[in-house]
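Asks: Once you've had a glance at the structure underneath, I'll fire off some questions.
Residue numbers (the UniProt record's numbering): 1 to 254.
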């Protein structure tokens, strides 16, 4: 079994790291540059940096902040938020990101996935998906955009399959229902999408303890687990999480 990746997410609003529950009631929790450096020191495998207001405010990525984070870490670094053109992708990668996460812009312009993959390689193009339970959809889950604020007509499973064909090299699947709750990942949709695409799937939303991560990283499920609250709170370190997962038989990078 391939080793599983542990990824820390930094949601950024107005230049500060923020955290909420189900995309609501966000509070300031620190400086993203300082936090990125600390998680790198602890041994995290990758970092994801999301500007959660960029798409809603119709502006581009915050390149200066991206450069400052990239200068402090030497691990894969993915950036999302406000990246809506090929030029935005180019500028973000030149600022120091290895990957870009395309969420709302990919829904509005699916060709961006294809164009980005053709120019930069599909390993650089990550589809960000914000999904919420909806019994009216074929898979039972609907895609939302603009930081989970706006519902679309897209079915989550259909969009994941289509995005892979368009050129996405990885999917970060965030459950709006589980986000920030620390009650565990949304296993049903994670397993469904993992079984129906051939690219890595990163589970996001709901991690509260290593046992939750072990559940979602089991056979046939996610390739990586994205975490935020459980480390931002100080309850766990990257080292303690990896030790716990290894003890549970989950292969992790040490």
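Yeah, the Cβ is synthetic: ideal placement off N, Cα and C, and Gly gets one too. Remember, it's a predicted structure, so these values are computed and weren't measured experimentally.
#1: In whole angstroms, give me the CA-to-CA distance for residue 124 and residue 201.
#2: Applying the 10 Å Cβ sphere with the 16-neighbour rule, what's the burial state of residue 225?
#3: Report, in whole angstroms, the separation of the C-beta atoms of residue 251 and residue 4, which I expect to be a contact under 8 Å.
#4: What residue range is occupied by the uninterrupted beta strand (DSSP E) comprising residue 100?
#5: With DSSP as the reference, label residue 129 as helix, strand or coil.
#6: For residue 180, tell me which candidate among 153, 163, 208, 188 has the shortest Cα-Cα distance.
#7: So within the stretch 200-236, which uninterrupted alpha helix (DSSP H) runs reach at least 4 residues, ignoring any that extend past its ends?
#8: Report the rounded CA-to-CA distance for residue 61 versus residue 176, giving the unit in angstroms.
#9: What residue from 234, 249, 242, 190 has the CA that sits closest to residue 43's CA?
#10: Given a threshold of 16 other Cβ atoms within 10 Å of its Cβ, counted over all protein chains shown, does residue 151 qualify as buried or as exposed?
#11: Between the alpha carbons of residue 67 and residue 96, how many angstroms are there, rounded?
#12: To the nearest angstrom, how far is the alpha carbon of residue 7 from that of residue 135?
#13: Whether or not the stretch 157-169 and the stretch 112-122 are in contact is what I'm after, with contact meaning three or more pairs of Cβ atoms, one per stretch, closer than 8 Å; do they touch?
#14: Tell me, please, which residues DSSP counts as bridged to residue 151.
#15: Of the choices 182, 174, 38, 199, whose alpha-carbon is the least far from that of residue 189?
#16: Can you list, in chain order, the residues of its chain with a C-beta nearer than 6 Å to that of residue 246? Leave out the 5 residues immediately preceding and following it.
#17: Taking all protein chains shown into account, decide if residue 99 is buried (16 or more other Cβ within 10 angstroms of its Cβ) or exposed.
#18: If you follow the alpha helix (DSSP H) that residue 83 is part of, which residue opens it and which one closes it?
#19: With distances taken Cα to Cα, identify the nearest neighbour of residue 213 among 240, 199, 102, 197.
Replies: From the atom records:
#1: On the chain shown, residue 124 is found 124 positions in, with the first residue counted as 1. On the chain shown, residue 201 is found 201 positions in, with the first residue counted as 1. So the alpha carbons of these two residues sit roughly 14 Å apart.
#2: As a first step, residue 225 is located in the chain shown; it is residue number 225 there, counting from the start. Answer is buried; the Cβ neighbour count reaches 16.
#3: Position 251 of the chain shown, counting from 1, holds the residue named residue 251. Position 4 of the chain shown, counting from 1, holds the residue named residue 4. Right, their Cβ atoms sit about 6 Å apart.
#4: What you label residue 100 is simply residue 100 of the chain shown in a count that begins at 1. Its beta strand (DSSP E) spans residues 99-102.
#5: As a working mapping, residue 129 is identified with position 129 in the chain shown. It is a strand residue.
#6: In the chain shown, residue 180 corresponds to position 180, counting from 1. Comparing Cα positions, the closest option is 208.
#7: Entirely contained in the stretch 200-236, the alpha helix (DSSP H) runs reaching 4 residues are, in chain order, 210-216, 229-232.
#8: Your numbering for residue 61 matches position 61 in the chain shown. Your numbering for residue 176 matches position 176 in the chain shown. Going from the Cα of residue 61 to the Cα of residue 176 covers about 23 Å.
#9: Here the question's residue 43 lines up with position 43 in the chain shown. Residue 43 has its Cα closest to that of 242, out of 234, 249, 242, 190.
#10: Counted from its first residue, the chain shown places residue 151 at position 151. The residue is exposed, with fewer than 16 neighbouring Cβ atoms inside 10 Å.
#11: Position 67 of the chain shown, counting from 1, holds the residue named residue 67. Position 96 of the chain shown, counting from 1, holds the residue named residue 96. Between residue 67 and residue 96, the C-alpha separation is close to 6 Å.
#12: What you label residue 7 is simply residue 7 of the chain shown in a count that begins at 1. What you label residue 135 is simply residue 135 of the chain shown in a count that begins at 1. Going by the C-alpha atoms only, they are around 30 Å apart.
#13: Cβ pair count under 8 Å is three or more, so yes.
#14: What you label residue 151 is simply residue 151 of the chain shown in a count that begins at 1. In the DSSP output, where bridge partners are listed per residue, residue 151 has 144.
#15: Along the chain shown, one-based indexing puts residue 189 at 189. For the residues 182, 174, 38, 199, the minimum Cα distance to residue 189 belongs to 174.
#16: Counted from its first residue, the chain shown places residue 246 at position 246. Sequence-distant partners of residue 246 (beyond 5 residues in either direction) whose C-beta falls short of 6 Å from its own C-beta, in its chain, are 252.
#17: Residue numbering aside, residue 99 sits at position 99 when the chain shown is read from its first letter. So residue 99 ends up on the buried side.
#18: Along the chain shown, read from residue 1 onward, the residue named residue 83 stands at position 83. Run containing residue 83: none; DSSP gives neither H nor E here.
#19: Translated into positions along the chain shown, residue 213 becomes position 213. Relative to residue 213, the option among 240, 199, 102, 197 whose CA is nearest is 240.
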